[in-house]
Ligand SMILES: Cc1cc2nc3c(=O)[nH]c(=O)nc-3n(C[C@H](O)[C@H](O)[C@H](O)COP(=O)(O)OP(=O)(O)OC[C@H]3O[C@@H](n4cnc5c(N)ncnc54)[C@H](O)[C@@H]3O)c2cc1C
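Residue numbers (our numbering), protein chains in the order written: chain A, 1 to 354; chain B, 355 to 736.
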């Protein structure tokens, strides 16, 4: 990372460290939209961080933009930042206009057929969008980017916030995951043929969650090591006990593996969404999350089980994110399918190319 | 509080596809008739002819200066050759220790005479080494070593017993870690000596491992005379030298590929239509290898830049051993096969070998508990 890139990440980290307090997170969980925080984030230009320069962005290295996503997760920032970055990337690729507020995207699950899949048809005054989009992150609050089938092939559309019929939902961290029902007409200039990037929405979502999990895990490790150095029992810090050290070493190993896996995802997201590294990353970070959260809570004892302690802001996110956009098993099976296709003698070449 | 972030920078770009292709071509021919059961013994597979071929190709001592028979190639080029060898199950044991550990030690700390006499022969794949660290009462606690070199006219007289000496019976030299100073100076009183194993007074006795195979040994020294010129580095510097050696050797591809051939055979046995559960299990292991390989290459990049990533290396080795030991456990849950060393079926045979070898993956080169202690220190807990 160059110095300038480093500054972008550090500036974001400073903002998050100063502004994202437990009180702010709790208020967001209770349903209030942190407008001031959003404005501060927007002032840094972060929502546009993945938009290429020729499309009006800043020309930031995409890996730096994704490092900001990881950093945001390290602070459990209660905003749809990852979603906005990617949705704006898609809108830019499609040549559609981007809003100044938050934008999210809907990725239909690929594991099960949709109940009421999105359809879009030309109408006299634009395009008519119908269908059902379950569990859209911040679906009530943000504009929503969707890809819907049409007679002319897949189309991408931006639906302004407030237009869908919303059934509010959430995940374990009380991040909004709203069910949206569409039956509305969009102006012609908010719909376009879906660009190639928009055809891999589940991969993109999985890659973003993998990156976020790596960031949250880094914080879980930090909190756990710090607590183990401070908490005294039997006359010494619990981190001096070998049993605790061994667990923290495992936590560090899982965090390191998740970090490496998330880097694979970031590189794929920055380039052409190669599904194999993304599948590996989502599965590996998900597995790390399971093991790491268990250890972190064990090390923290009862205090870590309280609402007052901040550990749960990270562990609840990890427990939620590991199952979003496909769980470990889903993605492991995708990797396994690639291995089956490559065959026994193609396994090593597959590994060195990943 | 010190920040506990552990950085693994992006590994250097893999621009070595020509070298990789060259190695793959070579292996396709050289190992054409090597059966999976033999491939499963990669870094315990001893084959002097194969090592000589490697030497001819310039694939031993790759990073060493040309004046010592080396090839002045980068650590990353060496990494590519190593991982290709291991992934193909090539028998690398004969030259492995000399290439990885003993040669670099001589290069760093050896006398000019030692370097000139020995390094070119190692690089040619004709000179094999073993490591004399462990003893009956000194395993993890290496500083408890008792073997002693007592100064005598013109050199030392050595007495003591080394244990678990891998391929001691087929090696030309040992690097002996022993006491040369005051008994109560745990670290400062130790040195490393270069031992020609044909020296009188050395007895090498085989120890069979739990599967009956012979690779490690007991090596007994009885009044063995070693010349003063046998000292490697400075007298009394043994501890520091050994620690440097270990830190560098904990993150290579051998730290996560020991069971790789079993995974290959499992994929072969599963064929073209495995169950989803089997596919997910294989996919998971593959993803773990890809991830660890990335971390391991990241460490290689750090080493190439002259940094000392001891913490990262310990993390890679700990995670790698977990993976290597999990592969047989996963394979036996997704494929109905009874392991047997005498089975004519490749999968059964390879599984048998790996099940029986697996315990040592978290012992050799620093036990799991010792590694985790190093990690804890790196985290600032000790
Ligand atoms: C296949 C194989 C090949 C080998 N080849 C060689 C060789 O070529 N040359 C050579 O010198 N050595 C060799 N070794 C020896 C190897 O380095 C030792 O086995 C290793 O250092 C551990 O020592 P130990 O076996 O005496 O176990 P011990 O040190 O006695 O340990 C026994 C158990 O106690 C644990 N333990 C020990 N101390 C602590 C502590 N402070 N805290 C927590 N737990 C602890 C260990 O982790 C382990 O679980 C080889 C070993 C194997 C298995």
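Built from N, CA and C at the ideal position, the CB exists for glycine as well. On a predicted model such as this, the values are computed, not experimentally measured, just so you know.
### Reduced DSSP secondary structure (H/G/I, E/B, other) of residue 400 of chain B
Against the second chain, residue 400 of chain B aligns to sequence position 46. In this structure, residue 400 of chain B counts as coil in the three-state DSSP scheme.
### Query
Beta-carbon of residue 730 of chain B versus every beta-carbon of chain A: anything under 8 Å?
By one-based count along the second chain, residue 730 of chain B stands at place 376. Answer yes: the Cβ-Cβ gap between residue 730 of chain B and chain A drops below 8 Å somewhere.
### Query
residue 569 of chain B by DSSP, collapsed to three states: which one?
The sequence position of residue 569 of chain B within the second chain is 215, counting from 1. Residue 569 of chain B: strand per DSSP, three-state reduction.
### Listed by chain order, chain B residues near residue 82 of chain A by CB distance under 8 Å
Taking the first chain and counting its residues from 1, one reaches residue 82 of chain A at position 82. Here the premise fails: no neighbours, minimum Cβ distance about 20 Å.
### Message
To the nearest angstrom, how far is the alpha carbon of residue 296 of chain A from that of residue 320 of chain A?
### Response
Here residue 296 of chain A refers to the residue found at position 296 of the first chain. Here residue 320 of chain A refers to the residue found at position 320 of the first chain. The alpha-carbon atoms of residue 296 of chain A and residue 320 of chain A are separated by roughly 16 Å.
### Message
Is there a C-beta anywhere in chain B that falls below 8 Å from the one on residue 263 of chain A?
### Response
For the purposes of this step, residue 263 of chain A is identified with residue 263 of the first chain, where counting begins at 1. Answer yes: the Cβ-Cβ gap between residue 263 of chain A and chain B drops below 8 Å somewhere.
### Task
State yes or no: is the C-beta of residue 591 of chain B nearer than 7 Å to some heavy atom of ligand 2?
Summarising the ligand content, the structure contains ligand 1 and does not contain ligand 2.
#### Entry: Under 8 Å (Cβ pairs) to chain A, residues found in the segment 632 to 651 of chain B
632, 633, 634, 635, 636, 637, 638, 640, 641, 642, 643, 644, 645, 646, 647, 648, 649
### Query
By how many angstroms is the C-alpha of residue 11 of chain A removed from the C-alpha of residue 443 of chain B?
Taking the first residue of the second chain as 1, we reach residue 443 of chain B at position 89. Taking the first residue of the first chain as 1, we reach residue 11 of chain A at position 11. Rounded to the nearest angstrom, the two C-alpha atoms are 49 Å apart.
### Task
Indicate the three-state DSSP secondary structure (helix, strand or coil) for residue 632 of chain B in the structure shown.
Your numbering for residue 632 of chain B matches position 278 in the second chain. Looking at residue 632 of chain B - three-state DSSP - the assignment turns out to be helix.
### Query
Can residue 311 of chain A and residue 304 of chain A be called in contact, C-beta distance under 8 Å?
Numbered from its first residue, the first chain carries residue 311 of chain A at position 311. Numbered from its first residue, the first chain carries residue 304 of chain A at position 304. Yes, these two residues count as a Cβ contact at 8 Å.
### Query
Is there contact between the segment 43 to 52 of chain A and the segment 163 to 171 of chain A, where contact requires at least three CB pairs shorter than 8 Å?
no
### Message
Can you give me the C-alpha to C-alpha distance between residue 368 of chain B and residue 562 of chain B, rounded to a whole angstrom?
### Response
The residue you call residue 368 of chain B lines up with position 14 of the second chain. The residue you call residue 562 of chain B lines up with position 208 of the second chain. Distance between the alpha carbons of residue 368 of chain B and residue 562 of chain B: 41 Å.
### Task
Output yes if chain A places a C-beta closer than 8 Å to the C-beta of residue 673 of chain B; else output no.
Mapped onto the second chain, residue 673 of chain B falls at position 319. By this cut-off, residue 673 of chain B is an interface position.
### Task
Using a threshold of 8 Å, state whether the C-beta atoms of residue 188 of chain A and residue 138 of chain A are closer than that.
Along the first chain, read from residue 1 onward, the residue named residue 188 of chain A stands at position 188. Along the first chain, read from residue 1 onward, the residue named residue 138 of chain A stands at position 138. It is not a contact, given that the beta carbons lie outside the stated cut-off.
### Task
Select from the segment 526 to 553 of chain B all residues with a C-beta closer than 7 Å to any C-beta belonging to chain A, and list them in chain order.
none
### Task
Measuring only between beta-carbons, confirm whether residue 166 of chain A sits less than 8 Å from chain B.
For this step, residue 166 of chain A is matched to residue 166 along the first chain. Chain B contact via Cβ: absent.
### Message
ligand 1 and residue 570 of chain B: does any heavy atom of the ligand fall closer than 7 Å to the residue's C-beta?
### Response
Translated into the one-based positions of the second chain, residue 570 of chain B becomes position 216. Checking every heavy atom of ligand 1 against the Cβ of residue 570 of chain B, one is found closer than 7 Å.
### Task
Tell me residue 532 of chain B's beta-bridge partners as DSSP assigns them.
Here residue 532 of chain B corresponds to residue number 178 of the second chain, with the count starting at 1. Bridge partners of residue 532 of chain B: B:545.
### Query
Are any of the Cβ atoms in chain A nearer than 8 Å to that of residue 478 of chain B?
Locating residue 478 of chain B in the second chain gives position 124, counting from the first residue. False, the Cβ-Cβ gap to chain A never drops below 8 Å.
### Same chain, Cβ closer than 6 Å to residue 191 of chain A, neighbours up to 5 away in sequence not counted
Translated into positions along the first chain, residue 191 of chain A becomes position 191. The residues are 127, 155, 157.
### Exposed unless 16 or more other CB atoms sit within 10 angstroms - verdict on residue 233 of chain A
As a first step, residue 233 of chain A is located in the first chain; it is residue number 233 there, counting from the start. Exposed is the call here.
### Message
Are there any heavy atoms of ligand 1 lying less than 7 Å away from the beta-carbon of residue 723 of chain B, as far as the coordinates show?
### Response
On the second chain, residue 723 of chain B is found 369 positions in, with the first residue counted as 1. Checking the Cβ of residue 723 of chain B against ligand 1 gives yes.
### Message
Within a Cβ cutoff of 8 Å, which residues of the same chain sit near residue 72 of chain A, ignoring the five residues on either side of it in sequence?
### Response
On the first chain, residue 72 of chain A is found 72 positions in, with the first residue counted as 1. Only 12, 16, 79, 81, 82, 212, 215 meet the Cβ criterion.
### Query
For residue 723 of chain B and chain A, any beta-carbon pair shorter than 8 Å?
Taking the second chain and counting its residues from 1, the one referred to as residue 723 of chain B is at position 369. Closer than 8 Å: yes.
### Task
Compare the Cα-Cα distances from residue 508 of chain B to each of B:481, B:463, B:578, B:482 and report the closest residue.
To locate residue 508 of chain B, count along the second chain from 1; it is residue 154. Answer by Cα proximity: B:578.
### Message
Let me see if you follow: with CB-CB separation under 8 Å, is residue 332 of chain A close to chain B or not?
### Response
The sequence position of residue 332 of chain A within the first chain is 332, counting from 1. Yes, because at least one Cβ of chain B sits closer than 8 Å to the Cβ of residue 332 of chain A.
### Where residue 329 of chain A meets chain B, residues with beta-carbon distance less than 8 Å
Counted from its first residue, the first chain places residue 329 of chain A at position 329. By Cβ distance, chain B contributes 634.
### Task
Taking only beta-carbon positions, decide if residue 628 of chain B is within less than 8 Å of chain A.
Looking up residue 628 of chain B in the second chain gives position 274. So yes, residue 628 of chain B belongs to the interface.
### Message
Can you confirm whether residue 233 of chain A, when its beta carbon is compared against all beta carbons of chain B, has any partner nearer than 8 Å?
### Response
Residue mapping note: residue 233 of chain A aligns to position 233 of the first chain, counting from 1. So no, residue 233 of chain A is outside the interface.
### Message
Taking a contact to mean a Cβ-Cβ separation below 8 Å, would you say residue 448 of chain B touches residue 400 of chain B in this structure?
### Response
Walking along the second chain from the start, residue 448 of chain B turns up at place 94. Walking along the second chain from the start, residue 400 of chain B turns up at place 46. Cβ atoms of residue 448 of chain B and residue 400 of chain B: closer than 8 Å.
### Test item: CB-CB of residue 619 of chain B and residue 246 of chain A under 8 Å
The sequence position of residue 619 of chain B within the second chain is 265, counting from 1. The sequence position of residue 246 of chain A within the first chain is 246, counting from 1. Contact: no.
### Task
With DSSP collapsed to three states, give me the class of residue 604 of chain B.
Mapped onto the second chain, residue 604 of chain B falls at position 250. Here residue 604 of chain B sits in coil by DSSP.
### Message
So residue 351 of chain B contacts chain A; which residues on that side make the cut at Cβ distance below 9 Å?
### Response
One cannot answer for residue 351 of chain B here, as it falls past the ends of chain B, which runs 355 to 736.
#### Entry: Closer than 7 Å: residue 736 of chain B CB and nearest ligand 1 heavy atom
To locate residue 736 of chain B, count along the second chain from 1; it is residue 382. Checking the Cβ of residue 736 of chain B against ligand 1 gives no.
### Task
Select from B:703, B:686, B:622, B:688 the residue whose C-alpha is nearest the C-alpha of residue 694 of chain B.
Taking the second chain and counting its residues from 1, the one referred to as residue 694 of chain B is at position 340. Measuring from the Cα of residue 694 of chain B, the nearest candidate turns out to be B:703.
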